[in-house]
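For reference, each letter of the sequence shown is one residue, going 99 to 932 in my numbering.
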Amino acid sequence: MPGHQPHGVWGLTGEEVLESRRRHGRNEVVRKEYPFLTILKDSLRDPMVWLLTVATLLYFVSGETGDAVFMASAIVFVTGISLYQESRSRNALEALKSLTAPTCKVIRNGETVEIGNEEIVIDDYMIVDEGKAIPADGLIVHSYDFSVNESILTGESLAVTKTGAEGDKRVFQGTTVVTGLAICKVTAIGADTALGKIGMSVGSMGEEVTPLLIQIRHFVKLMALVGMVIFFIVWAINYFESRLVLGSLLRALTLAMSILPEEIPVAFTTFMALGTWRLMKLGVIVRNIKTVETLGSASVICLDKTGTITENRMALARVFALSSEKISDAGTGGTEELNLIRMAMWASEPIPFDPMETALHDAYSKMTAADERQNFRLIHEYPLSGRPPMMTHIFENTSGQRIIAAKGAPEAILAVCQLSERERTSIQSALKNFSEQGFRVLAVAGADFEGNDFPVHQQQFIFRFTGLVAFYDPPKRNIKSVFNDFYRAGIAVKILTGDHAETTATIARLIDFRGAERTIDGQAVMEMSDEEINRKVLEFNIFTRVYPDAKLRILNALKANDLIVAMTGDGVNDGPALKAAHIGIAMGKRGSEIAKQVSSLILTDDDLSKMVDAVAMGRKIYSNLKKAIQYIISIHIPIILTVFVPLALGWVYPAIFSPVHVIFLELIMGPTCSIIYENEPIEENLMRQKPRPFTTTFFHFHELNISIIQGVAITVATLAVYQLAAVYFNTEATTRTMVFITLISANIFLTLVNRSFFYSIFTTLRYRNHLIFLIIGITIALTLSILFIPPVMEFFQFTRLTTLQAAIAVLSGSISVLWFELLKVYKRLGKKNP
Numbered sequence: 099m100p101g102h103q104p105h106g107v108w109g110l111t112g113e114e115v116l117e118s119r120r121r122h123g124r125n126e127v128v129r130k131e132y133p134f135l136t137i138l139k140d141s142l143r144d145p146m147v148w149l150l151t152v153a154t155l156l157y158f159v160s161g162e163t164g165d166a167v168f169m170a171s172a173i174v175f176v177t178g179i180s181l182y183q184e185s186r187s188r189n190a191l192e193a194l195k196s197l198t199a200p201t202c203k204v205i206r207n208g209e210t211v212e213i214g215n216e217e218i219v220i221d222d223y224m225i226v227d228e229g230k231a232i233p234a235d236g237l238i239v240h241s242y243d244f245s246v247n248e249s250i251l252t253g254e255s256l257a258v259t260k261t262g263a264e265g266d267k268r269v270f271q272g273t274t275v276v277t278g279l280a281i282c283k284v285t286a287i288g289a290d291t292a293l294g295k296i297g298m299s300v301g302s303m304g305e306e307v308t309p310l311l312i313q314i315r316h317f318v319k320l321m322a323l324v325g326m327v328i329f330f331i332v333w334a335i336n337y338f339e340s341r342l343v344l345g346s347l348l349r350a351l352t353l354a355m356s357i358l359p360e361e362i363p364v365a366f367t368t369f370m371a372l373g374t375w376r377l378m379k380l381g382v383i384v385r386n387i388k389t390v391e392t393l394g395s396a397s398v399i400c401l402d403k404t405g406t407i408t409e410n411r412m413a414l415a416r417v418f419a420l421s422s423e424k425i426s427d428a429g430t431g432g433t434e435e436l437n438l439i440r441m442a443m444w445a446s447e448p449i450p451f452d453p454m455e456t457a458l459h460d461a462y463s464k465m466t467a468a469d470e471r472q473n474f475r476l477i478h479e480y481p482l483s484g485r486p487p488m489m490t491h492i493f494e495n496t497s498g499q500r501i502i503a504a505k506g507a508p509e510a511i512l513a514v515c516q517l518s519e520r521e522r523t524s525i526q527s528a529l530k531n532f533s534e535q536g537f538r539v540l541a542v543a544g545a546d547f548e549g550n551d552f553p554v555h556q557q558q559f560i561f562r563f564t565g566l567v568a569f570y571d572p573p574k575r576n577i578k579s580v581f582n583d584f585y586r587a588g589i590a591v592k593i594l595t596g597d598h599a600e601t602t603a604t605i606a607r608l609i610d611f612r613g614a615e616r617t618i619d620g621q622a623v624m625e626m627s628d629e630e631i632n633r634k635v636l637e638f639n640i641f642t643r644v645y646p647d648a649k650l651r652i653l654n655a656l657k658a659n660d661l662i663v664a665m666t667g668d669g670v671n672d673g674p675a676l677k678a679a680h681i682g683i684a685m686g687k688r689g690s691e692i693a694k695q696v697s698s699l700i701l702t703d704d705d706l707s708k709m710v711d712a713v714a715m716g717r718k719i720y721s722n723l724k725k726a727i728q729y730i731i732s733i734h735i736p737i738i739l740t741v742f743v744p745l746a747l748g749w750v751y752p753a754i755f756s757p758v759h760v761i762f763l764e765l766i767m768g769p770t771c772s773i774i775y776e777n778e779p780i781e782e783n784l785m786r787q788k789p790r791p792f793t794t795t796f797f798h799f800h801e802l803n804i805s806i807i808q809g810v811a812i813t814v815a816t817l818a819v820y821q822l823a824a825v826y827f828n829t830e831a832t833t834r835t836m837v838f839i840t841l842i843s844a845n846i847f848l849t850l851v852n853r854s855f856f857y858s859i860f861t862t863l864r865y866r867n868h869l870i871f872l873i874i875g876i877t878i879a880l881t882l883s884i885l886f887i888p889p890v891m892e893f894f895q896f897t898r899l900t901t902l903q904a905a906i907a908v909l910s911g912s913i914s915v916l917w918f919e920l921l922k923v924y925k926r927l928g929k930k931n932p
């Protein structure tokens, strides 16, 4: 509000701000962090790193220095990849943290400005209002209907009223404003606040362990345990056959390395962190990582009308003055209309923060010749209360002239006014007229009262009905296409609003909302039995006159129908419903601090179309993560069995692969799954499918059976090539080289084929993902170097293949994967989406 000087408070000058910051520091609690050491320590906990270390030591002890150096280099490379992936994840979360940093309003140089919480200084005058978290400790200078939730400090959940009187004027950082507004002088910041002194952190974002991550870690631990058991079995078998301790250990380690799917947790961390970063770039802040798992399953979204469907730019459009009994455009009319707007303004907060109250103050400023606001002070107020709600303010000037003004829902004001039947009919006619045009309506009344012994309840005044003020909040231009996107994605849309049925239905018809012809009100919802409400929430899409308890009941009924519910909200009272929803969505611009704190998503520019992007991103992340994990499992199976079967069955070349070969394959697979698949674009049919069921486990047979079949098919090819080479070419080096090329070829084709489980490889080759050709190109280049550079070839114990031998290996590897393309053709012909 440039140029506005609330209550004569000028605030600090620019120079005073700098001096205060120099003396007292910034409003933050400084903690020493060493992210590199943290990441390094975490990477050293990786079981693969420990296996590599043991293998390196065994090679050194056995005198195979070249192998030992290679394995040591592999340790550095694996740790480097982990550091890179973790740093990407950490950078994404740090960027997210900076974007979610809260802001506050302060008065400086006589103007109200918005700054980051960390920029506030001692002696600043901060303005805190409903739904906001208080950024620093302070003393109340002015307050209106001000109450605060101090549970973060006291544990007491009930709001504490702050009058600004002596002994009741302190406010504390981290507490939340429940009602009203206050101007406070800052007395402590950072570590010197009450919150800072007890070492608590506001808004910290640590690592979150999600259900899927728990499952992944459990799966990896299980595989590690299996690997350990098999390790001892294989070591024992080899030792009793050869009596060679080190050789037996190396063979057992080779198998243990092939079993451990350490790429899976890396892929999960990368996908989730970069997914939240990509959402942030789209204007969607993910406050709760678990939400990314849930987004793709969202099956119903519940929306408020104001600011979500409509633009939330309240403008006073029409007025109805009872004294003239006529409807006028705002800004026109005579004395009666001016008096109505004047009373509506007095019924608003002196420093308005509600869009409708701001519109009333603006309309008063434009219509009045002599501004009375500087002459009157608020001496008593009744906060917004009741159901339907109303509020009353009492102002008085120095000469004792008094103004008592009330505004609220028409039903509430009508209930406290004495009116004739003709007057009620006239008012109801005006209300119907306004509602049919989609206006939001408030009723206004005035009263007289002598003395200062004010009634306990505002409804005890004898009110005179003044009139109705109607505001227009047009639907957003893109909202119709947003709803169509939701409908195409199989997501049901429901409107939960405090507005009248007629007003909401009018807006719904304007945007072609499905179900605009049927509405149900919150009171009816509260009177229903559980069984009835569980049925009705599926039949109705518009719920009007909905208050917090009714909203929560509707949400729980939807959840009882096994639906994954997303819900938007912005007010203090929306907190319980946002917290109870599977996906709570707060608005970045108009959302209260409480709404943002309990929500899992924040739409930075209040644009609902970003929610469509978020659902698409959620589906894409889940789909690509599934592809990555299925790829990992598919390619691990042939590595495990190619190492194990010759050992277990005593084939002619039992040690066909050593740890050197396995780690080379592992180094290829890591970037493939966590870099290529994370960068894959969304498939064109993904947002035309119904939401996937939110299962309790990712590692379910019906999710992974294709991977197992693919892995077995590749295994059959590699073992067939093994037997063919052993029989017809009769050297271990030739057999090893052909089997290795078969696996590499299968790996490359598996990467390409598994980019989609529905569309053909010719379609997916047109997907925009420049990384896929880069990674595959590097893989081919490294493989060729192994096959054609003599020292490297000798190190890997390979030999130069003939054209026929190489063709057999490449053809076998490709056929072992490309058969899946025939299954895709069958799916497309039957239109069976994956």
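Every residue, glycine too, gets a C-beta built ideally from N, C-alpha and C.
| query | What does Cys282 pair with, by DSSP beta-bridge criteria? | reply | What you label residue 282 is simply residue 184 of the sequence shown in a count that begins at 1. Answer by DSSP bridge pairing, in chain order: Met224 and Ile238.
| Among residues of its own chain, excluding the 5 on either side of Lys708, which ones have a beta-carbon nearer than 7 Å to its beta-carbon? | Counting from 1 along the sequence shown, the entry for residue 708 is found at position 610. Excluding residues within five positions, the ones whose Cβ falls inside 7 Å are Leu380, Gly381, Val382 and Leu701.
| Counting Cβ pairs closer than 8 Å, one from the region 507–526 and one from the region 483–494, do we hit at least three? | yes
| query | Which one of Glu216, Thr201 and Asp221 has the shortest CA to CA distance from Glu113? | reply | In the sequence shown, residue 113 corresponds to position 15, counting from 1. Nearest option by C-alpha distance: Asp221.
| task | Measure the alpha-carbon distance for Trp917 versus Ile887 and round it to whole angstroms. | result | Taking the first residue of the sequence shown as 1, we reach residue 917 at position 819. Taking the first residue of the sequence shown as 1, we reach residue 887 at position 789. Those two C-alpha atoms are separated by around 33 Å.
| request: Taking only the alpha-carbon atoms, compute the straight-line gap between Val825 and Arg717 and give it to the nearest angstrom. | output: Stepping through the sequence shown from its first residue, residue 825 is reached at position 727. Stepping through the sequence shown from its first residue, residue 717 is reached at position 619. When rounded, the distance between both Cα atoms is 49 Å.
| request: Would you check if the region 430–450 and the region 725–732 touch, i.e. whether three or more CB-CB distances between them fall below 8 Å? | output: no
| query | At a cut of 8 Å, does the region 584–592 reach the region 514–533 through at least three beta carbon pairs? | reply | no
| Expressed to the nearest angstrom, what Euclidean distance is found between the alpha-carbon atoms of Ile773 and Pro453? | In the sequence shown, residue 773 corresponds to position 675, counting from 1. In the sequence shown, residue 453 corresponds to position 355, counting from 1. If I take the Cα positions, the gap works out to 46 Å.
| query | So what's Leu882 in DSSP terms, helix, strand or just coil? | reply | In the sequence shown, the residue the question calls residue 882 occupies position 784. In the structure shown, Leu882 sits in a helix (DSSP, three-state: H, G or I).
| message | Going residue by residue through the region 819–864, where are the continuous beta strand (DSSP E) segments of at least 3 residues, counting only ones entirely within it? | response | none
| task | Compare the beta carbon distance of Ser914 and Ile812 with 8 Å and say whether it is the shorter of the two. | result | Translated into the one-based positions of the sequence shown, residue 914 becomes position 816. Translated into the one-based positions of the sequence shown, residue 812 becomes position 714. For Ser914 and Ile812, yes; Cβs fall inside 8 Å.
| task | Going by CA-CA distance only, name the one from Tyr223, Ala371 and Val219 that's closest to Val204. | result | On the sequence shown, residue 204 is found 106 positions in, with the first residue counted as 1. Nearest C-alpha to Val204: Tyr223.
| Those residues which DSSP pairs with Asp619 across a bridge | For the purposes of this step, residue 619 is taken as the residue at position 521 of the sequence shown. Thr642.
| DSSP beta-bridge partners of Lys424 | In the sequence shown, residue 424 corresponds to position 326, counting from 1. For Lys424, which the question treats as bridged, DSSP gives the partners Ala419.
| field | Spatial neighbours of Leu927 in its chain, beta-carbon cut-off 8 Å, leaving aside the 5 residues before and after | value | Here the question's residue 927 lines up with position 829 in the sequence shown. Excluding sequence neighbours, Leu927 sits near nothing in its chain.
| query | With distances taken between CB atoms, is the gap from Ser241 to Gly272 smaller than 8 Å? | reply | Translated into positions along the sequence shown, residue 241 becomes position 143. Translated into positions along the sequence shown, residue 272 becomes position 174. Result no, Cβ atoms of Ser241 and Gly272 do not sit closer than 8 Å.
| query | For Val107, does the three-state DSSP call read helix, strand or coil? | reply | Along the sequence shown, read from residue 1 onward, the residue named residue 107 stands at position 9. In this structure, Val107 counts as coil in the three-state DSSP scheme.
| said: At the level of alpha carbons, what is the spacing between Gly304 and Ile287? | reply: As a position in the sequence shown, residue 304 is number 206, starting the count at 1. As a position in the sequence shown, residue 287 is number 189, starting the count at 1. Interpretation of Gly304 is limited by its pLDDT of 42, a score under 50 that renders its predicted location unreliable; the figure taken from the coordinates is listed afterwards. Their backbone Cα atoms lie some 23 Å apart in a straight line.
| field | Inter-residue spacing [alpha-carbon to alpha-carbon] between Ala334 and Leu848 | value | In the sequence shown, counting from the first residue as 1, residue 334 sits at position 236. In the sequence shown, counting from the first residue as 1, residue 848 sits at position 750. The straight-line gap from Cα to Cα measures roughly 35 Å.
| request: Look up Ala568 in the DSSP assignment and say whether it is helix, strand or coil. | output: In the sequence shown, residue 568 corresponds to position 470, counting from 1. DSSP places Ala568 in strand when its eight states are reduced to three.
| request: Using only the heavy atoms of the ligand HEM, determine whether one of them is closer than 7 Å to the beta carbon of Ser912. | output: What this structure holds is no ligand at all, so the ligand HEM is not there to describe.
| Helix or strand or just coil, what does DSSP make of Ser245? | On the sequence shown, position 147 is the one that residue 245 refers to. The answer is strand: DSSP assigns Ser245 an E or B state.
| field | Member of Ile859, Ala503 and Tyr570 whose CA lies at the smallest distance from the CA of Ile560 | value | For the purposes of this step, residue 560 is identified with residue 462 of the sequence shown, where counting begins at 1. Cα-wise, what sits closest to Ile560 is Ala503.
| message | Could you pull the DSSP bridge partners for Tyr480 from this structure? | response | Here residue 480 is taken as the residue at index 382 of the sequence shown, counted from 1. Tyr480 pairs with Thr490.
| request: Compute the Euclidean distance between the alpha carbons of Thr238 and Ile213, then round it to the nearest angstrom. | output: Translated into positions along the sequence shown, residue 238 becomes position 140. Translated into positions along the sequence shown, residue 213 becomes position 115. Reading the sequence as shown, one finds Ile at residue 238 and not Thr. Computed Cα separation, rounded: 20 Å.
| Rounded straight-line distance, which links the Cα of Ile780 to that of Asn845 | On the sequence shown, position 747 is the one that residue 845 refers to. On the sequence shown, position 682 is the one that residue 780 refers to. About 22 Å.
| said: Between the region 629–643 and the region 546–565, can you find at least three pairs of beta-carbon atoms closer than 8 Å? | reply: no
| task | In the DSSP assignment, find the unbroken beta strand (DSSP E) run with Leu538 in it and report its ends. | result | Position 440 of the sequence shown, counted from the first residue, corresponds to residue 538. What sits at residue 538 in the sequence shown is Arg, not Leu. From DSSP, the beta strand (DSSP E) with Arg538 extends over Arg538 to Ala545.
| request: Work out the CA separation of Ile250 and Ser302 for me, nearest whole Å. | output: Taking the first residue of the sequence shown as 1, we reach residue 302 at position 204. Taking the first residue of the sequence shown as 1, we reach residue 250 at position 152. Because Ser302 sits at a pLDDT of 42, beneath the cut-off of 50, its placement in the model cannot be relied upon, and the following sentence gives the value as read from the coordinates. So the alpha carbons of these two residues sit roughly 14 Å apart.
| Nearest neighbour of Gln535, chosen from Asn473, Ala599, Thr496 and Ile842 [CA to CA] | In the sequence shown, the residue the question calls residue 535 occupies position 437. Out of Asn473, Ala599, Thr496 and Ile842, Ala599 has the C-alpha closest to the C-alpha of Gln535.
| message | If distances are taken between C-alpha atoms only, which option among Ile314, Glu521, Met370 and Gly596 comes closest to Val539? | response | Here residue 539 corresponds to residue number 441 of the sequence shown, with the count starting at 1. Per the Cα distances, Gly596.
| field | Ile449: first and last residue of the uninterrupted alpha helix (DSSP H) it sits in | value | For the purposes of this step, residue 449 is taken as the residue at position 351 of the sequence shown. Premise fails: Ile449 is in no alpha helix (DSSP H) and is neither H nor E.
| query | Just to confirm, are Ala568 and Val398 a CB contact at a threshold of 8 Å? | reply | Residue numbering aside, residue 568 sits at position 470 when the sequence shown is read from its first letter. Residue numbering aside, residue 398 sits at position 300 when the sequence shown is read from its first letter. No, the pair does not count as a contact, with Cβ atoms beyond the cut-off.
| message | When you compare the CB positions of Lys574 and Ile407, do they come within less than 8 Å of one another, or not? | response | For the purposes of this step, residue 574 is taken as the residue at position 476 of the sequence shown. For the purposes of this step, residue 407 is taken as the residue at position 309 of the sequence shown. A contact, by the Cβ cut-off of 8 Å.
| Who pairs with Ile593 in a beta bridge, going by DSSP? | The sequence position of residue 593 within the sequence shown is 495, counting from 1. Answer by DSSP bridge pairing, in chain order: Leu401 and Ile640.
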